[in-house]
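Numbering (our numbering), first residue to last: 7 to 263. Beta carbons are placed, not taken as given, at the ideal position from N, Cα and C, and that holds for glycine.
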């Protein structure tokens with residue numbers, strides 16, 4: 007078989023609800039690598055948030071921060087930071103609505119408030135510690151993704167006021183903020199330039215709204231059984247739930263295993 011490249015989302019795809027890797031998924035990924043295929047991560051997380059997972063699975067290529075920071079075989083090949091002036095205006099707007107903001111670069115996350123229940127709840131769901139408090143961090147560093155901690159019913163306030171930005175909901179109390187052209191699909195395109203492969207040789211697994219563009223773009227998009235209906239509709243295939251050997255069954259479904 008021709009060498010293929012397979013991208014895996016993390017939360018709800020590699021990780022189950024307990025943030026554990028099902029044994030069948032770990033074995034399936036190892037088998038893909040043994041057959042000579044390229045295996046990569048495509049996630050909304052920053053690299054520091056899944057360092058242990060990369061080490062456990064032996065993966066050194068990834069599309070992180072929803073496509074804004076891309077690494078191929080351990081080497082940075084692409085970064086797409088948010089405009090600082092736009093981020094400053096967005097922060098002021100969010101502060102007026104009592105919505106905290108987080109700023110994420112390649113090495114960490116900071117927030118503009120010292121403590122807030124929305125942050126504890128949403129970031130806590132990822133099994134991550136409360137971010138560092140540094141309201142001015144974004145003024146001195148390149149920020150690849152921001153987070154607005156707000157209820158879903160308030161998301162329209164932001165998309166209407168800032169149509170040049172991309173807001174993607176991942177938790178009932180939090181959404182990602184990306185450059186208008188930002189997506190996992192865009193990050194995958196950057197890696198494809200290095201690999202020199204067509205879309206037909208690219209596969210991707212995902213379950214969340216930030217996977218929509220990715221699953222639509224690649225030659226073979228596979229939605230997890232636990233994915234939202236909108237995500238399933240965007241995919242060419244729907245596999246089983248992450249906890250029901252979803253990755254293994256999906257790889258069998260598309261003929262890679």
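Out of curiosity, what's the CA-to-CA distance linking residue i and residue j?
| i | j | result |
| --- | --- | --- |
| residue 12 | residue 116 | 31 Å |
| residue 43 | residue 216 | 24 Å |
| residue 253 | residue 247 | 8 Å |
| residue 208 | residue 224 | 6 Å |
| residue 19 | residue 230 | 7 Å |
| residue 111 | residue 147 | 8 Å |
| residue 160 | residue 167 | 12 Å |
| residue 155 | residue 171 | 16 Å |
| residue 79 | residue 238 | 30 Å |
| residue 192 | residue 67 | 15 Å |
| residue 107 | residue 54 | 19 Å |
| residue 45 | residue 102 | 43 Å |
| residue 245 | residue 255 | 6 Å |
| residue 164 | residue 153 | 12 Å |
| residue 169 | residue 109 | 19 Å |
| residue 150 | residue 34 | 31 Å |
| residue 87 | residue 74 | 7 Å |
| residue 90 | residue 144 | 7 Å |
| residue 173 | residue 99 | 15 Å |
| residue 81 | residue 221 | 25 Å |
| residue 25 | residue 142 | 31 Å |
| residue 140 | residue 257 | 43 Å |
| residue 63 | residue 204 | 25 Å |
Quick check on the DSSP output: the alpha helix (DSSP H) that includes residue i runs from which residue to which?
| i | result |
| --- | --- |
| residue 159 | Looking at the DSSP string, residue 159 is not in any alpha helix (DSSP H), and its letter there is neither H nor E. |
| residue 9 | Unbroken run through residue 9: none, as it is neither H nor E. |
| residue 256 | 252 to 259 |
| residue 34 | 29 to 40 |
Pick from the options: whose alpha carbon is nearest that of residue i?
| i | options | result |
| --- | --- | --- |
| residue 213 | 228, 32, 157 and 139 | 228 |
| residue 178 | 130, 188 and 204 | 130 |
| residue 219 | 152, 124 and 242 | 242 |
| residue 71 | 98, 176 and 232 | 176 |
| residue 259 | 48, 182 and 211 | 211 |
| residue 180 | 122, 205 and 93 | 122 |
| residue 137 | 158, 232 and 113 | 113 |
Assign residue i to one of two classes, buried (16 or more other C-beta atoms within 10 Å of its C-beta) or exposed (fewer than that).
| i | result |
| --- | --- |
| residue 96 | buried |
| residue 7 | exposed |
| residue 31 | buried |
| residue 185 | buried |
| residue 15 | buried |
Which residue spans inside the region 108 to 171 form an unbroken beta strand (DSSP E) run of at least 3? Counting only runs of 3+ residues, the beta strand (DSSP E) found wholly inside the region 108 to 171 occupies 115 to 117 and 151 to 154, in chain order.
Just to confirm the assignment: which complete alpha helix (DSSP H) runs, minimum length 4, are found wholly within the region 42 to 99? Complete alpha helix (DSSP H) runs here, min 4: 57 to 63.
Unbroken stretches of the alpha helix (DSSP H), 4 residues or longer, contained in the region 159 to 235: For the region 159 to 235, whole alpha helix (DSSP H) runs of length 4 or above, ordered along the chain, are 161 to 167, 190 to 201 and 218 to 223.
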